[in-house]
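Chemist: First the structure, which I've put down as structure tokens, then a few questions once you've had a look.
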Amino acid sequence: MKSSVITFPGSNCDRDMDVALTKFGFKNKMVWHNDRELPKSDLIVLPGGFSYGDYLRCGSMASKSKIMNSVINFAKSGGLVMGICNGFQILVEAGLVPGVLLRNKYLQFICKNVHVKVDNKENTFFKNLDKKVLEFHIAHNEGNYFCTNDQLKEIEDNNQIAIYYCDQNGNTNDQINPNGSIKNIAGIFNKEKNVLGMMPHPERMIDESLSGEDGSIFFKNLLNNIK
Amino acid sequence: MKVSAVITLKKDVLDPQGKVIHETLDGMGFNSVNEVRQGKYFEIDVKENDPKKAKDLVEDMCKKLLANLVIENYKIIETQ
């Protein structure tokens, strides 16, 4: 299976993502934001980082870069696209998933492990996943998911919420919400469920001795689903 | 021609920075503040001499890049 990771100026999780995808069997290529064409891919990843120094709004500049026309066309034709952290911010700014990511509610950069509940498994990203709660890592200043009431209704009606911040038992409540996101939303799909944006970093959880293995579970499952 | 645009957060969007600024002002003795909302201000010099066309151009920029219309409003405030 082939994947491509887009590197924007200021991306800093692109190589981690490359390591993770390669480790679990993807043939990955790195793609520069100024390129216009994507290599043939089964999965496109927009990685975390601080593209364009977070100028104007996080992800807003990167969402207009040259490669994004191809990414948008790829997504609109049903291709799998995943945006992690800053990649999620780029996806919302590009209009590929609904809503926006505001500054964290308590104005602090948050860097810690969190648990997320996988609610919707009727999609290529989480289908057949045998765990309901995963431990991932978050590191962001603008991860406070927000959308209008109309958008929220549409998102809920279409089952577009991918993952929620929760405790280790899968309970979602205000106390374990790290950043103020509406409904504890940590990740969201587009309507067709072929585009996933999420704040947590699965690529930071792929080594038992360094972190944990829940990212490994996610990537292995994803590869099997794409095959 | 120079055109200015002001981007502000919509009413129902939480503005934690504005809130902290409000609290700080309060602590400094500015007790008569009801609310503070933080926004962005742009001065854009466009190669266009017709005021209407210049404003339309900046409005288009606001819609497509400068503002995120899910959370922000924009206002073209002056033309010089």
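Just so you know, the protein sequences line up as chains A and B, in that order.
Using my numbering, the first residue of the first sequence is number 1, and each one after it goes up by one.
Using my numbering, the first residue of the second sequence is number 228, and each one after it goes up by one.
No residue lacks a Cβ here, since even glycine has one placed at the ideal position from N, Cα and C.
Since the structure is predicted, the reported quantities are computational estimates derived from the model, not experimental observations.
State the DSSP-derived secondary structure class of A/D54, mapped to helix, strand or coil.
Modeler: Note: A/D54 maps to helix in three-state DSSP.
Chemist: Taking the DSSP output, what are the residues bridged to A/C166?
Modeler: In the DSSP output, where bridge partners are listed per residue, A/C166 has A/H115.
Chemist: Please identify the residue among A/V5, A/F125, A/D54 whose C-alpha is closest to the C-alpha of A/M30.
Modeler: Measuring from the Cα of A/M30, the nearest candidate turns out to be A/V5.
Chemist: Name the chain A residues whose beta carbon is nearer than 8 Å to that of B/N295?
Modeler: Simply R57, S60, E93, V100.
Chemist: Unbroken alpha helix (DSSP H) runs of length 4 or more, entirely within the segment 53-135 of chain A: which are they?
Modeler: Counting only runs of 4 or more, we get 66-76, 86-93.
Chemist: Return the residue from the list A/I155, A/I206, A/N128, A/L46 that minimises the CA-CA distance to A/V81.
Modeler: Among A/I155, A/I206, A/N128, A/L46, the Cα nearest to that of A/V81 is on A/L46.
Chemist: Can you tell me the Cα-Cα spacing of B/T251 and B/N295, whole angstroms?
Modeler: The straight-line gap from Cα to Cα measures roughly 28 Å.
Chemist: Nearest by alpha-carbon distance to A/G215: which of A/C58, A/S51, A/K23 is it?
Modeler: When each option's Cα is compared against that of A/G215, the closest is A/K23.
Chemist: Considering B/A232, what are the terminal residues of the beta strand (DSSP E) in which it resides?
Modeler: Start and end: 229-236.
Chemist: Run through DSSP, which three-state label would B/E305 get?
Modeler: DSSP places B/E305 in strand when its eight states are reduced to three.
Chemist: If you draw a straight line from the C-alpha of B/E275 to the C-alpha of B/A281, how long is it?
Modeler: Each residue's alpha carbon lies about 6 Å from the other.
Chemist: Cα separation between A/Y145 and A/V92?
Modeler: The alpha-carbon atoms of A/Y145 and A/V92 are separated by roughly 10 Å.
Chemist: Which same chain residues end up closer than 6 Å to A/H137 when comparing Cβ atoms and leaving out the 5 residues on each side of it in sequence?
Modeler: Closer than 6 Å at Cβ, skipping near neighbours: N113, H201, R204.
Chemist: Please confirm whether B/V233 and B/V273 have their CB atoms less than 8 Å apart.
Modeler: Cβ distance not < 8 Å, so B/V233 and B/V273 don't count as in contact.
Chemist: Can the beta-carbon of A/G83 be found less than 8 Å from the beta-carbon of A/I72?
Modeler: For A/G83 and A/I72, no; Cβs fall outside 8 Å.
Chemist: What are the residues in the segment 123-149 of chain A lying within 9 Å of chain B by C-beta distance?
Modeler: Answer set for the segment 123-149 of chain A: N144, F146, C147, T148, N149.
Chemist: Using a cut-off of 8 Å between C-beta atoms, extract the partners of A/L107 located in chain B.
Modeler: Within 8 Å Cβ-Cβ: P243, Q244, V247.
Chemist: Distance, Cα to Cα, A/T7 vs A/L223?
Modeler: The straight-line gap from Cα to Cα measures roughly 22 Å.
Chemist: What residue range does the beta strand (DSSP E) around A/E213 cover?
Modeler: Segment: none, A/E213 is in no beta strand (DSSP E) and carries neither H nor E.
Chemist: Checking 8 Å against the spacing of the C-beta atoms, do A/S11 and A/S51 come in under that value?
Modeler: Yes, these two residues count as a Cβ contact at 8 Å.
Chemist: Examine chain B for any beta-carbon lying closer than 8 Å to the beta-carbon of A/K153, and answer yes or no.
Modeler: Not closer than 8 Å to any Cβ of chain B, the Cβ of A/K153 fails to qualify, so no.
Chemist: Closest to A/L196 by C-alpha separation, out of A/P98, A/D18, A/N149, A/Q151, would be which residue?
Modeler: Ranking A/P98, A/D18, A/N149, A/Q151 by Cα distance to A/L196 puts A/P98 first.
Chemist: If we require 3 or more residues per run, which beta strand (DSSP E) segments fall completely within the segment 136-200 of chain A?
Modeler: As far as the segment 136-200 of chain A is concerned, its whole beta strand (DSSP E) runs of at least 3 residues are 144-146, 161-166, 185-189, 195-198.
Chemist: Between the C-alpha atoms of A/R15 and A/E142, what's the straight-line distance to the nearest angstrom?
Modeler: Cα to Cα, the separation comes out at about 22 Å.
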